[in-house]
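Residue numbers (UniProt numbering): 1 to 439. Glycine residues also receive a C-beta, built at the ideal position from the N, C-alpha and C atoms. These notes are about the structure you will find just below.
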């Protein structure tokens, strides 16, 4: 199928977990559509992650309803296994995905309904466009990054393994799931690691024979539709590495990692950290204990027979780096040769040139239905709920967006009485069809 001058009802841009989920639901509703992916299906899982990454949730949870992983239910899938899963999903449901095609520009038509889409293989026209490119499009390195050629600086998106880094100590900025897992891997590889810890949630990996994904599910946290004020962008420090374990910053420090506060600035080879390490660790502990309390209350309230786990509440003594935190670090003196910025991502919708963004470039939408009619978003954090940017959450959001598209198609397909009468006059009667066939 050639793309140039193709006309399609709905175009889905991106074939990661959001685009695949969208395509499945559109298929179920009979909506003609096409999914375009500039690289491979789920490419970000293959090349936008480090080598040893596994999913942060067990495979019984981090999947779509229509297909299970060929792994133990409590296992954590590796990044390539996740990418393979989505490729298998596309094959199972025969989804119309085209890879190696980049969408360069989308504009609304001025003389006809819908949009004109420029790609590297020609021009497409579509009545609707779904932006399913997800939240991890543009790695963000903050402006405070030092202009120092002696330092090897990369974003976590460009980190793959310890061997790629020059010899020396490493400063990891950011202690969410990516930052803490990379820091721990480097420490286990024999590197001296400094980890800059900001505000975070720190759930237990598992508690009383249930993974934290289960607890957040039964407690209604994944389906929470309104973020707590000030908590919209707080990162989660959790790990599925090596079979899954609770992230414990004190334990990491006792094993040799040096914890520091939020990175504030760099000047003349000196890194300066905010005096908030103790507060950040304390608040993470409070989040941890609050989930244990909520889990205990849920068990009692529902009469569940789950084993008690008093060890989960025991806390290691504060390490030296927490009792007497560093406020500055001479990078050269400390032997730091590399800074890894685990500082998150921004979105990039420069290709979507329609009137649905605010002055800061943030998409304006309600549950994925954009301010601009005919435009939809999928896979963004808090699209409709806390779990929206995760595998299971995006599948449910896609169902809502696909339903909205199908409803709009129903309205547009409406024919009034005069149109229906004209349609009937243009259609040959059954007897006429037989007569025509006889001749």
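Taking the CB atoms as reference points, tell me whether residue 269 and residue 331 lie closer together than 8 Å. yes
Reduced DSSP category for residue 189 - H, G, I as helix; E, B as strand; rest coil: In the structure shown, residue 189 sits in coil (DSSP, three-state: anything other than H, G, I, E or B).
Cα-Cα separation, residue 273 to residue 340: 16 Å
To the nearest angstrom, how far is it from the Cα of residue 438 to the Cα of residue 93? Only weak support exists for where residue 438 lies, its pLDDT of 35 falling under 50; the coordinates are left without a value.
Pick from 413, 86, 124 and 83: whose alpha carbon is nearest that of residue 102? 124
Let's test the definition: count the other Cβ atoms within 10 Å of the Cβ of residue 24 and tell me whether it reaches 16, buried, or not, exposed. buried
Any non-hydrogen atom of the ligand ADP closer than 7 Å to residue 291 Cβ: This structure simply doesn't include the ligand ADP, nor any ligand for that matter.
Check the DSSP bridge columns for residue 200 and list the partner residues they point to. 235
Endpoints, alpha helix (DSSP H) assigned at residue 472: Given a span of 1 to 439 for the chain in the structure shown, any question on residue 472 remains unanswerable.
Are there three or more Cβ pairs, one per stretch, closer than 8 Å when the stretch 356-370 is compared with the stretch 299-319? No: the two stretches stay apart, fewer than three of their Cβ pairs being nearer than 8 Å.
Rounded C-alpha distance that separates residue 281 from residue 100: 44 Å
Tell me which residues share the same chain as residue 144 and place their Cβ nearer than 8 Å to its Cβ, disregarding the 5 neighbours each side in the sequence. Taking residue 144 as the centre and dropping the five residues before and after it, the same chain places the C-beta of 263, 264, 265 and 266 closer than 8 Å to its C-beta, in chain order.
To the nearest angstrom, how far is it from the Cα of residue 329 to the Cα of residue 39? When only Cα atoms are considered, residue 329 and residue 39 end up about 41 Å apart.
Between residue 172 and residue 193, how many whole angstroms is the CB-CB distance? I'm expecting something under 8 Å. Distance from residue 172 to residue 193 at the Cβ level is roughly 6 Å; contact confirmed, criterion being Cβ atoms closer than 8 Å.
In its own chain, which residues sit with a C-beta less than 8 Å from the C-beta of residue 353, not counting the 5 before and 5 after it? 105, 106 and 107
Where residue 2 falls: helix, strand or coil (DSSP): coil
Measure the CB-CB distance between residue 345 and residue 153 and report whether it falls below 8 Å. No, they are not a contact pair.
Shortest alpha-carbon distance to residue 249 belongs to which of 369, 184 and 313? 184
What ranges does the beta strand (DSSP E) occupy inside the stretch 46-104, keeping only unbroken runs of at least 3 residues that lie completely in it? Taken in chain order, the whole beta strand (DSSP E) runs of length 3 or more contained in the stretch 46-104 are 97-99.
What is the rounded straight-line gap between the Cα of residue 372 and the Cα of residue 212? 38 Å
Can you list, in chain order, the residues of its chain with a C-beta nearer than 7 Å to that of residue 342? Leave out the 5 residues immediately preceding and following it. 156, 172, 173, 174, 176, 178, 179 and 182
Based on DSSP bridge pairs, tell me the residues matched to residue 366. 369
In angstroms with no decimal places, state the Cα-to-Cα distance between residue 370 and residue 15. 20 Å
Straight-line gap, residue 247 to residue 203 (C-alpha atoms, nearest Å): 8 Å
In angstroms, rounded to a whole number, what distance separates the CA positions of residue 417 and residue 80? Between residue 417 and residue 80, the alpha-carbon positions lie close to 55 Å from each other.
Taking DSSP as the reference, what is the three-state secondary structure of residue 353? Correct three-state label for residue 353: coil.
Residue 170 beta carbon less than 8 Å from that of residue 151: No, these two residues do not count as a Cβ contact at 8 Å.
Helix, strand or coil for residue 243, going by three-state DSSP, please let me know. helix
Work out the CA separation of residue 321 and residue 258 for me, nearest whole Å. 6 Å
Roughly how many angstroms separate the alpha carbons of residue 167 and residue 196, rounded to a whole number? 20 Å
3 or more residues per run - each beta strand (DSSP E) lying fully within the stretch 123-194: 152-155 and 169-173
Determine the direct distance from the alpha carbon of residue 226 to that of residue 83, and round the result to whole angstroms. 30 Å
Going straight from the alpha carbon of residue 52 to that of residue 113, what length do you get? Distance from the CA atom of residue 52 to the CA atom of residue 113, rounded to whole angstroms, is 47 Å.
Can the beta-carbon of residue 86 be found less than 8 Å from the beta-carbon of residue 42? yes
With the cut-off set at 8 Å, would you say residue 64 and residue 240 are in Cβ contact? no
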